[in-house]
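Those letters in the sequence shown? Residues 46 to 245, by my numbering. Glycine included, each C-beta is placed from N, C-alpha and C at the ideal position. In what follows, a single structure is set out as structure tokens and then discussed.
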Amino acid sequence: MEKETPAAITIFPLEGGCACGQVRYRLETRPLIVHCCHCTSCQRETGTAFAINAVIESTLVTRLPPAPPSVPASRTQAIKPAGPPLTRGEDEDSTELKTIKTPSESGRGQQIVRCRTCQVAVWSHYGAAGSRTRFMRVGTLDEAWKVQPDVHIYTQSKRSFFKLDGLIPEFEEFYPMKEGVWREESIGRWEVHMKSDDKA
Ligand SMILES: [Zn+2]
Ligand SMILES: [Zn+2]
């Protein structure tokens with residue numbers, strides 16, 4: 046049985062997608078950072094206790110052709126087919142993605158990108174990072190269990206039934222600086238990235 050360890054560069058590329066299979070993507074390389082966010086907005090938006098977001102340059106996410114619906118893999122079970130097969134409504138146009146702007150604590154809003162057909166959220170865009178950066182919803186990966194978070198944020202609102210193991214940094218709110226949290230390689234990538242045009 047494979048062990049759950051922090052996401053190593055060797056596990057990428059990894060594929061993922063929405064529940065119906067219309068939106069498929071491939072993360073070409075290791076994300077810049079993977080946040081496990083315990084803020085109450087993430088709790089509300091996902092209907093659960095926290096969100097796991099893999100932050101990556103939009104140019105390093107490749108869209109793939111639609112695929113049949115599947116149940117993602119887990120540590121103990123391989124990916125398997127799900128049903129019924131995708132049926133698109135007659136009024137659907139050819140655009141597979143739907144972007145919805147939701148309010149955020151910062152006041153700048155968040156854009157949640159969903160599959161137009163099954164409405165599952167696959168990634169988001171936040172604040173200054175813009176559309177050139179994607180916060181991929183890790184749970185949409187086919188093998189999400191292979192991607193561990195690098196940091197816990199907003200632990201001030203972490204649900205008490207969920208115990209942290211102390212293996213990665215924890216912050217009551219957001220971390221004050223990337224140094225000490227992000228890998229050197231990621232900081233370098235980010236500096237180049239933020240100089241690029243924001244129109245991915
Ligand atoms: Zn879908
Ligand atoms: Zn959050």
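A Cβ closer than 6 angstroms to some heavy atom of ligand 2 marks a residue here, and those residues are C82, C84, S86, C87, A96 and Y199. Taking 3 residues as the minimum length, the beta strand (DSSP E) runs contained wholly in the region 84 to 127 are 96 to 102 and 106 to 109, in order along the chain. Boundaries of the alpha helix (DSSP H) harbouring G233: E229 to H238, taken from the DSSP string. Cβ-Cβ separation between T200 and E224: approximately 20 angstroms, too far for a contact (criterion under 8 angstroms).
Below 8 angstroms, enough C-beta pairs join the region 176 to 193 and the region 112 to 127 to call them touching: three or more. Cβ atoms of L77 and V106 stay farther apart than 8 angstroms, at about 12 angstroms. Taking a contact as a CB-CB distance under 8 angstroms, the pair R153 and G128 does not count as one, their CB atoms being some 40 angstroms apart. Partner residues in the beta bridge of K143, as assigned by DSSP, are R159.
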